[in-house]
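Line by line, the protein sequences give chains F and V.
Letter by letter, the first sequence follows residues 170 to 567 of the working numbering.
Letter by letter, the second sequence follows residues 80 to 439 of the working numbering.
This report concerns only the one structure given below.
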Amino acid sequence: MNKTDTTSQTPETKTSKENHNESIWQALLVPVLAVVTGLFLGGIVILASGENPINAYGALFTGSFGKPANFIEGISVLFSTGDTAALIKAIYPFTESLVIATPYIFAGLSVALGFRCGLFNIGAEGQFFIGALVSAFVGYSLKGLPMIIHLPIAILAGAAGGALWGMVPGYLKARFGAHEVVNTIMMNWIAFRLSDWLLSGPMKASGFRPVTPNVLASAELPRFFPEPLRFNLGFFIALLVAYFIYWFLFKTTLGFEIRAVGANPDAAKYAGMNIIRNFVLVMALAGALAGLAGSSQVLGVDHWVGQGFSAGYGFDAIAIALLGKSHPAGVVMAALLFGFLRGGATNMQSMAGIPIDIISIIQGLVIVFIAAPGIIRWLYRIRTIKTEETVLTRGWGS
Amino acid sequence: MKKMYFVSALLIIASMVLAACGGSAAPAAGGEEGAAVKVGQVTDLGGIDDKSFNATAYAGIEQAVAELGVEGKYLESTQQADYNKNIQQYVDEGTDLIVTVGFLLGVDTAVAAKANPDTNFAIVDYSYPDCFGTDFVEGQTCGSATELPNVLGLTFAIDQAGFLAGYAAAGSTQTGKVATFGGINIPPVVAFMIGYEKGVMYYNEENGTNVEVLGWDTAAGDGSFTGNFDSLDDGRSFAESFVQEGADIILPVAGPVGLGSAAYCQESGACKIIGVDTDWTVSSPEYTDVILTSILKNMNVAVYDAIKAQVEGTFAGGMYVGTVANGGVGLADVAGASDELKAGLEAVKQGIIDGSIPTQ
Chain F
170 MNKTDTTSQT PETKTSKENH NESIWQALLV PVLAVVTGLF LGGIVILASG ENPINAYGAL
230 FTGSFGKPAN FIEGISVLFS TGDTAALIKA IYPFTESLVI ATPYIFAGLS VALGFRCGLF
290 NIGAEGQFFI GALVSAFVGY SLKGLPMIIH LPIAILAGAA GGALWGMVPG YLKARFGAHE
350 VVNTIMMNWI AFRLSDWLLS GPMKASGFRP VTPNVLASAE LPRFFPEPLR FNLGFFIALL
410 VAYFIYWFLF KTTLGFEIRA VGANPDAAKY AGMNIIRNFV LVMALAGALA GLAGSSQVLG
470 VDHWVGQGFS AGYGFDAIAI ALLGKSHPAG VVMAALLFGF LRGGATNMQS MAGIPIDIIS
530 IIQGLVIVFI AAPGIIRWLY RIRTIKTEET VLTRGWGS
Chain V
80 MKKMYFVSAL LIIASMVLAA CGGSAAPAAG GEEGAAVKVG QVTDLGGIDD KSFNATAYAG
140 IEQAVAELGV EGKYLESTQQ ADYNKNIQQY VDEGTDLIVT VGFLLGVDTA VAAKANPDTN
200 FAIVDYSYPD CFGTDFVEGQ TCGSATELPN VLGLTFAIDQ AGFLAGYAAA GSTQTGKVAT
260 FGGINIPPVV AFMIGYEKGV MYYNEENGTN VEVLGWDTAA GDGSFTGNFD SLDDGRSFAE
320 SFVQEGADII LPVAGPVGLG SAAYCQESGA CKIIGVDTDW TVSSPEYTDV ILTSILKNMN
380 VAVYDAIKAQ VEGTFAGGMY VGTVANGGVG LADVAGASDE LKAGLEAVKQ GIIDGSIPTQ
């Protein structure tokens, strides 16, 4: 990775391996300190609400990773009796966190890709819903197909649905200059109300609940462990897609163009790049990624779509893209962090009596520190080193 | 100086790590109380402080904590994938009675109940068997084709209370038109509206009046629905259009959506609201002046009774039906009711209890 990175078309000059490692460390420093500081301040909030932050974070930890003691016991039971039940129970919290991280990876990539092109995709939530609904429809309505055909079709259909939903604001931006922030928010509302209508009528299962029928077994993402573990193939697809986005952004001409448009659209235009095509393409791809998030959730976890299908994955994705500095590897790490925070929150809520809202507070604090890195640099007296800063968005007036 | 900040940063990190390690032993220490019956509630998406559904059910748990000495807590669901996870959390903790709230948890509750026959469940607004028709898949599109011995379904004959509300509305209207609307056209919502319409019709028969009901038609099986349970703006606009059509009393059966209607009524002074699930003069006292009455669905009583049975060792699966007779449903005081109306309501109540007045 180091070798290819320095020889690629990126505008940065050749650096020695040591310098490169140092810049990775530099890039990680602020996000890591932001997370640590966020957790610390979250602990003060917990303390202020009259609870013990050590108990709370302890419960958060065991809730997101499981108890080490249970894990060791599980392994010893497996070796002595061959019974896997104890081990499966021990890894349940860890796998649940990965299950939650999966849509976060997809949706985070969606927002990050937009940032790379200077576009702010607030519409990931709507694209998530559309992706889920389309995947669910394909999943339950196409009957008699073998899994090897049905599952890919269902996944790709979800991506296509999301792409369509993302493409509209992209086109409006490119053709008419309509700001994508406004239009993606509008598309969110259209998606929400469209799903309300679909769930109460055309896509409603028999019975009175306003939910879709379950997808057929042939369209489900395979799970690796017996019930109640929901860990499925979707997680590995997410990692694969993250690598693909990395390759696309940093190793292809098109990816370079997208980043160039993001860095300076005027310069990119004079360099002969097609701005309109790039805007539409990026928004479609971003929509496809968010659609995949919905698709993986419905095909891997829920198997049906109801009104409470999303816990705001599309909105948290903005935070994840920011935390991950819009780099696919950073997004994966940030998504895992959010997955573990959300995954452990259940245990923290139950064991330590801390409302899950504290997780939102911690997330919010982390984002404040990421958005204003000066605070972290001042707090920990970090020297500002000139590095290539990612352009996140071209602002509201562009 | 710089070093000092670095050290303080290290200390903070160290405290985090210690916090993580220190806590893993804590639950073991807390679990030694032993004897107390453990009760856990899993909310639906409204959250524990929804002032309706989840809050009322939890009030029953809080009462049991105070009076029966049980250990009670709750887990909030923020998305449908949480239902399974939250129930599983309680199962793993060895919770004795898991209270799940809402029909959306119907399938997950049944699946968990079958997998954990030693754990008892009480589900609000649902009961088993729930697999009807031909194209169901047990454990997917419905919960269970048979009654479950460890699940008590807590259901409510809400049409009886709706009937009383309709009677009260018809006896209070100035314009001769009363209205209702729902969140989504599903049986738990429609039950309110059916009873309401019947109550109005009964009032007309008894008193020779001709009060009209807008927003629901039992014969057609359809009426006005916002399509959601969260948009206060919808509540406002529905109330506004009903007032324009001449109605002055509105029954919103859509959770917090009704608060939007109440806000409109308060601003315009043109209408009154009938609250649902809890007494809205208590839960939303800021709207007391526009609340005519409230349809009470006493989920707290039902949940408390289920916990009591668990504590006493008499818990049995099946179905509880809250009625006017057993106090499971009822009507709050009607604001500004004449003595005549009060007497009429009392007579209707007796009629419902002895079965002489059909409400369905």
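Just so it is clear, CB atoms sit at the ideal spot from N, CA and C, and this is done for glycine as well.
Span of the beta strand (DSSP E) around residue i
| i | result |
| --- | --- |
| L454/F | L454/F -> not in any beta strand (DSSP E); alpha helix (DSSP H) instead, spanning 444-465. |
| G139/V | Not the beta strand (DSSP E): G139/V falls in the alpha helix (DSSP H), residues 132-147. |
| L243/V | It is not in any beta strand (DSSP E) - L243/V instead sits in the alpha helix (DSSP H) that spans 237-251. |
| L176/V | 176-180 |
| Y399/V | 397-401 |
| L330/V | 328-332 |
| L183/V | Neither: L183/V is in no beta strand (DSSP E) and is coded neither H nor E. |
Buried versus exposed call for residue i [16 or more other C-beta atoms within 10 Å across all chains shown]
| i | result |
| --- | --- |
| G283/F | buried |
| D209/V | buried |
| G348/V | exposed |
| I545/F | buried |
| S206/V | buried |
| A440/F | exposed |
| Y412/F | exposed |
| T174/V | buried |
| I273/V | buried |
| E349/F | buried |
| N289/V | exposed |
| G219/F | exposed |
| R378/F | buried |
| D384/V | buried |
Beta-ladder partner(s) of residue i, from DSSP
| i | result |
| --- | --- |
| S495/F | Its beta-bridge partners do not exist; DSSP assigns none. |
| C221/V | E217/V |
| E150/V | K117/V |
| D301/V | D296/V |
| T188/V | According to DSSP, T188/V bridges with nothing at all. |
| N401/F | R392/F |
| D435/F | Partner(s): none; D435/F has no beta bridge. |
| A258/V | L293/V, I329/V |
| L410/V | I374/V |
Distance cut-off 6 Å: residue i Cβ against heavy atoms of the ligand ATP
| i | result |
| --- | --- |
| A343/F | No copy of the ligand ATP appears in this structure; indeed no ligand is present at all. |
Three-state secondary structure (DSSP) of residue i
| i | result |
| --- | --- |
| K312/F | coil |
| G348/V | coil |
| K421/V | helix |
| K373/F | coil |
| V203/V | strand |
| V123/V | According to the sequence shown, residue 123/V is Asp rather than Val. DSSP places D123/V in coil when its eight states are reduced to three. |
| A98/V | The pLDDT assigned to A98/V is 46, lower than 50, so where the model puts this residue is not dependable; a value taken from the coordinates is nonetheless given after this. In the structure shown, A98/V sits in a helix (DSSP, three-state: H, G or I). |
| K172/F | Confidence is the limiting factor: at K172/F the pLDDT is only 45, short of 50, which leaves the residue's position unreliable, though a coordinate-based value still follows. Helix. |
| S373/V | strand |
| I353/V | strand |
| T234/V | strand |
| Q532/F | helix |
| G339/F | helix |
Closest by C-alpha distance to residue i, when choosing among the options
| i | options | result |
| --- | --- | --- |
| I177/V | L183/V, I140/V, Q159/V | I140/V |
| E319/V | G302/V, N289/V, F260/V | F260/V |
| G434/V | V408/V, V403/V, V390/V, Q253/V | V403/V |
| N195/V | P437/V, N286/V, N229/V | N229/V |
| N278/F | I531/F, L202/F, N401/F, A504/F | According to the sequence shown, residue 278/F is Leu rather than Asn. That would be A504/F, whose Cα lies nearest to the Cα of L278/F. |
| E265/F | I531/F, L398/F, L534/F | L398/F |
| E172/V | R285/F, L247/F, G533/F, G232/F | G232/F |
| G423/V | G262/V, Q168/V, A247/V | A247/V |
| A347/F | A238/F, L548/F, V449/F, D485/F | V449/F |
| I487/F | V204/F, N221/F, A459/F | A459/F |
| G477/F | T381/F, P542/F, L418/F, V205/F | T381/F |
| L430/F | I414/F, V451/F, Y415/F | Reading the sequence as shown, one finds Val at residue 430/F and not Leu. The shortest Cα separation from V430/F among I414/F, V451/F, Y415/F belongs to V451/F. |
| A203/F | I551/F, I536/F, Q466/F | I536/F |
| S373/V | I353/V, A224/V, V279/V | I353/V |
| A228/F | G327/F, K312/F, G533/F, A514/F | A514/F |
Endpoints, alpha helix (DSSP H) assigned at residue i
| i | result |
| --- | --- |
| L229/F | 222-234 |
| E172/V | 160-172 |
| L278/F | 254-285 |
| P267/V | 266-286 |
| Q439/V | Run containing Q439/V: none; DSSP gives neither H nor E here. |
| V361/V | 359-362 |
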